[in-house]
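Chains as they are written, first to last, in my numbering: chain A, -12 to 331; chain B, -12 to 331. Every residue, glycine too, gets a C-beta built ideally from N, C-alpha and C. All figures in this text were calculated on a predicted structure; none of them were measured in a lab. Below: one structure, written as structure tokens.
2 protein chains.
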Amino acid sequence: MSDVTLAVDAMGGDHGVPVTVPAVGRVLSRHSSLHIILVGNPDVLAPALAKAGLEGHARVSIEPASEVVAMDDPVAVALRQKKDSSMRVAINLVKEGRAQAAVSAGNTGALMAVSRFVLKTLPGIDRPAICTAIPSAKGHCHMLDLGANVDSQPEHLLQFAQMGQAVVRAVDGLSQPRVALLNIGEEDIKGNEQIKEAAALMQAAEDLNYVGFVEGNGIFLGDVDVVVCDGFVGNVSLKTMEGVATMIGGMIREEIGRSWWRKLSGLFSLPVLNGLKRRMDPERYNGASLVGLNGVVVKSHGGTGEAGFTSALEVALLEARRNVPALIRDAVAPLVRASEQPAS
Amino acid sequence: MSDVTLAVDAMGGDHGVPVTVPAVGRVLSRHSSLHIILVGNPDVLAPALAKAGLEGHARVSIEPASEVVAMDDPVAVALRQKKDSSMRVAINLVKEGRAQAAVSAGNTGALMAVSRFVLKTLPGIDRPAICTAIPSAKGHCHMLDLGANVDSQPEHLLQFAQMGQAVVRAVDGLSQPRVALLNIGEEDIKGNEQIKEAAALMQAAEDLNYVGFVEGNGIFLGDVDVVVCDGFVGNVSLKTMEGVATMIGGMIREEIGRSWWRKLSGLFSLPVLNGLKRRMDPERYNGASLVGLNGVVVKSHGGTGEAGFTSALEVALLEARRNVPALIRDAVAPLVRASEQPAS
């Protein structure tokens, strides 16, 4: 397999190097053709590399960056003031062609703004989107946008659909992913015009396997591969999933702790609960793609651990190998040509 | 306690009388001052009452209705063609003062349209909303709107907040419920103006304990009592909850079925899983209120069973006893007076 280089914002996220460096060690040991450029403060990185047994590793290098984008930094600060941030420098490496993808656990708004500023959007894409895999009853689907855009217009939703389809083709190897539009049950409700228009655009789009509306519960049924929605709605839905899963996890723990008999039961139920945990594991599903840019950028959850950051690195590696940005560019090319030609 | 009469659409929902009539039997046995008017086809109702041991019950009467609103009937059909539907007749009974609340498991869009047409909205309320209790880590919160309105403007969101506060005061007995506005994490994102405006209105509102933004996962943390959102977003969030809970339930069953050891584990873990089920039970949380109308109308989930429909009847009884519509009218009265007075 041809070599791939990932630029890793080593300083970003809630934890920084104690999470990012060991995760890099894990992923390097799995993929012999993978190179990593760790971006950050060399004085912090050198001891972390030594601790992780990666000192002098032939496929690891350090790219210095003097600043860090804080989790609560406003977008304007990240964009205009911290021009030597580990996040910015990692994305610059993609822009310069020294890396094929950048990964950061830094703040989402800043990552999107900096990525957009440095890499620019692909031709035909008005708004980049955030896309991630969501577990379902039969495996997973991909959902976008998860918070990069609000008030998305029908043509944006169509672009999200094209991008989602390209991602699923590339990473899941499905030739005709089933693409659905997130909607609510009531068909006749006032104000649903945008959704109806978006549905009409998707229906008419060539080479898009649009299968119709899906409601919030339909995300998890395993009957669709791409769920398209506005970023406000998508973000609320994503956070709702996290909230319900966390609450159920907490309730299981509380129920187990309720009595000695329950504790014993809990012990016996460990295989079941561990099986459940494995399937729902947020770390396993960590790694959201910023799609629609001239380059691969993957956002890791800020609070994730080593396993989660490893998942995000795997997502970036796969998307870089498959060259997802080129696939998206090809997918939206007909839309670009149509808009460039005078109406006949 | 003073007597209350509920008008029950006995024919609505996926199951009709086999669910509604036994549920009525349950709730009658719990509340000695409760009267029920069952609305529907007498030829169907009479044998169902006999089967449920309710024949000749002193606190049950039948109100004939010749039609039924089907679950997939368009709103226009329910509103203009089926004027003698069990749903419509039940709501008419509230209008006429013969009942203090109506309960239906029929289709949501039709129920909202018919309720609005027959009962009218309260002064100061532009748009009625759908409100329900949502389980949280520490009990529950109430969330609205769950799908009656899309493209809600800031002043509508303020009205939802006032209504939600009135509901929680009435049914949970909290004097100063914590009211939050559902938002997404990114503060600087383009297009968030409506949410910001709504937040400013809520902050400025007298007698509203507005505590700020909450994200999708914050619904379940138990730190807020009322979550305010647009109906599109709220419906997606609600259906997402249902979807995740159903998926996790299915995964637990699958994990238990995976091997003989797991089956044994599953048996031992029954107390834990039953405890979990009790706390998450959708039937226990069944019963959404259509708030902002001149009367109490409660919507039951269409596919719910006897226990779920009983919960919906309990919601209606409580809201009727506390006269929630009058409380909402009082809560929004200052807004009405403000809009009637010329600006000073």
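Item to check | Between the CA atoms of A97 of chain A and T95 of chain B - distance to the nearest angstrom | outcome: 41 Å
Checklist entry - Around the C-beta of G134 of chain B, are 16 or more other C-beta atoms found within 10 angstroms, so that it is buried, or is it exposed? => result buried
Checklist entry - For A124 of chain A, which residues in chain B fall below 7 Å Cβ to Cβ? => result M234, G237
Item to check | Collapsed DSSP secondary structure at P34 of chain A in the structure displayed | outcome: helix
Next on the checklist: Less than 7 Å separating the Cβ of N222 of chain B from some heavy atom of the ligand NAD?
Outcome noted: Annotation note on the ligand NAD: not contained in the displayed structure, which lists no ligands.
Checklist entry - In whole angstroms, what is the alpha-carbon distance linking K82 of chain B and V26 of chain B? => result 15 Å
Checklist entry - Whose C-alpha, out of A:A232, A:S72, A:L161, A:S48, is nearest the C-alpha of A57 of chain A? => result A:S72
Item to check | Ordered list of beta strand (DSSP E) runs contained in the segment 183 to 233 of chain A, each at least 3 residues | outcome: 197 to 201, 213 to 215
Checklist entry - Near A313 of chain B, which residues of its chain fall below 6 Å by C-beta distance, leaving aside the five closest residues on each side in sequence? => result none
Checklist entry - Hey, out of B:G282, B:R308, B:A275, B:I315, whose CA is closest to A92 of chain B's CA? => result B:A275
Item to check | DSSP three-state assignment for A330 of chain A, whether helix, strand or coil | outcome: Because the pLDDT of A330 of chain A is 49, which lies under 50, any placement of that residue in the model is unreliable, and the question is left without a value.
Checklist entry - Since I23 of chain A is in the beta strand (DSSP E), which residue starts that stretch and which ends it? => result 21 to 27
Item to check | Interface residues of the segment 129 to 145 of chain A facing chain B [CB-CB below 7 Å] | outcome: G134, V137, D138
Checklist entry - Is K177 of chain A helix, strand or coil by DSSP? => result Low confidence applies to K177 of chain A: its pLDDT is 48, below 50, so where it sits in the model is not reliable enough to give any reading.
Checklist entry - Apart from the five residues on each side of it in sequence, which residues of its chain come closer than 8 Å, Cβ to Cβ, to K177 of chain A? => result Note that K177 of chain A scores a pLDDT of 48, beneath 50, so its modelled location is shaky; the value from the coordinates is reported in the next line. Excluding positions up to five away in sequence, the list is empty.
Checklist entry - Does G262 of chain A come within less than 8 Å of chain B when only Cβ atoms are used? => result yes
Checklist entry - Mind pulling the chain B residues with CB within less than 7 Å of E270 of chain A? => result Under the 7 Å cutoff, chain B gives no residues; its nearest Cβ is about 16 Å from E270 of chain A.
Checklist entry - Relative to the alpha-carbon of A325 of chain B, which residue among B:L109, B:A192, B:A148, B:A187 has its alpha-carbon at the smallest distance? => result B:A192
Checklist entry - Mapping DSSP to helix, strand and coil, what is K82 of chain B? => result helix
Item to check | 6 Å CB neighbourhood of T297 of chain A in its chain, flanking five on each side removed | outcome: A10, R13, V14
Item to check | A124 of chain B versus B:G209, B:L263, B:T291, B:A153, residue with shortest Cα-Cα distance | outcome: B:G209
Checklist entry - Along the chain, where does the beta strand (DSSP E) that runs through G295 of chain A open and close? => result Looking at the DSSP string, G295 of chain A is not in any beta strand (DSSP E); the run it does join, the alpha helix (DSSP H), is 293 to 309.
Item to check | Candidates A:L280, A:L260, A:V285: closest to Y272 of chain A by CA position | outcome: A:V285
Checklist entry - Could you give the distance in angstroms between the alpha-carbon of I121 of chain B and the alpha-carbon of M74 of chain A? => result 39 Å
Checklist entry - Of all Cβ atoms in chain A, is any one closer than 8 Å to the Cβ of N222 of chain B? => result yes
Checklist entry - When the distance is taken between beta carbons, is E54 of chain A closer than 8 Å to L80 of chain A? => result no
Item to check | Completely contained beta strand (DSSP E) runs for the segment 90 to 162 of chain B, where each covers 3 or more residues | outcome: 116 to 123, 126 to 131
Checklist entry - A275 of chain B bridges to which residues according to DSSP? => result B:K286
Item to check | Contacting residues, own chain, Cβ-Cβ under 8 Å from K69 of chain B (five flanking each side not counted) | outcome: E54, V55, V56, D60, R75
Item to check | Own chain partners of E270 of chain B with C-beta closer than 7 Å, once the 5 adjacent residues on each side are dropped | outcome: T291, G292, A294, G295, S298
Item to check | Residue range of the alpha helix (DSSP H) that includes A(-3) of chain B | outcome: From DSSP, A(-3) of chain B is part of no alpha helix (DSSP H); its letter is neither H nor E.
Item to check | Pairwise C-alpha distance: V(-9) of chain B and L84 of chain B | outcome: The residue you asked about is not Leu; residue 84 of chain B is Gly in the sequence shown. Their backbone Cα atoms lie some 11 Å apart in a straight line.
Next on the checklist: Check for me: the beta strand (DSSP E) holding L15 of chain B runs from which residue to which?
Outcome noted: Segment 4 to 17 is the alpha helix (DSSP H) holding L15 of chain B; no beta strand (DSSP E) there.
Next on the checklist: Less than 8 Å between CB atoms is the rule here; does G0 of chain A satisfy it with respect to chain B?
Outcome noted: no
Item to check | Nearest residue (CA-CA) to T119 of chain B, options B:L169, B:N222, B:M238 | outcome: B:N222
Checklist entry - Looking at G218 of chain B and D132 of chain B, is the spacing between their C-beta atoms short of 8 Å? => result yes
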